[in-house]
Structures are given as C-alpha cells and as structure tokens.
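Novice: After the structure tokens below, expect a handful of questions from me.
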Amino acid sequence: MASARELRPEGVASLGARLSANIRRAIKAGDEVVRDVLVALLAEGHVLIEDHPGVGKTA
C-alpha cells in the first residue's frame with residue numbers, strides 16, 4: 711500500500727485550488743458549485759446533478 715504524505719493546511723488549500731481550477735477547465739460551473747461537489751466527493755457523499763436532458767450529466 712502506498713504511504714500517504716502529510717499535508718499542512720496551506721498545502722491542502724493549494725491542492726483544493728488546483729483541483730477546482732482543473733475541474734473548471736472541464737465543466738462550465740460556478741465556483742460555489744465546484745466547491746460543493748468537491749466537498750461531497752472528499753466526504754464520500756453523493757451529489758445529485760440536475761439540468762436539461764442531453765447536457766452530459768452522466769458523462
């Protein structure tokens with residue numbers, strides 16, 4: 711099993727900012743939406759994405 715690196719708070723903030731920036735490159739969503747989805751994924755939660763048919767919600 712791979713060992714986990716210890717992250718300091720500033721490292722976590724930097725990682726979160728980089729993740730958000732990369733996600734925003736792939737999808738058209740506001741900062742708040744991206745943050746909420748990241749929080750849900752990191753907490754091993756669920757996200758219900760609602761939009762019009764055919765916009766790639768399951769892609």
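Reading the sequence shown from the start, the letters are residues 711 to 769 in my numbering.
Glycine is no exception: its CB is placed at the ideal position from the N, C-alpha and C atoms.
Find the nearest neighbour of G766 within the set A731, K738, G721, judged by alpha-carbon distance.
Specialist: K738
Novice: Hey, quick one: how far does the alpha helix (DSSP H) through I733 stretch, first residue to last?
Specialist: Counting along the chain, the unbroken alpha helix (DSSP H) around I733 starts and ends at 719-736.
Novice: Check for me: the alpha helix (DSSP H) holding R745 runs from which residue to which?
Specialist: 741-752
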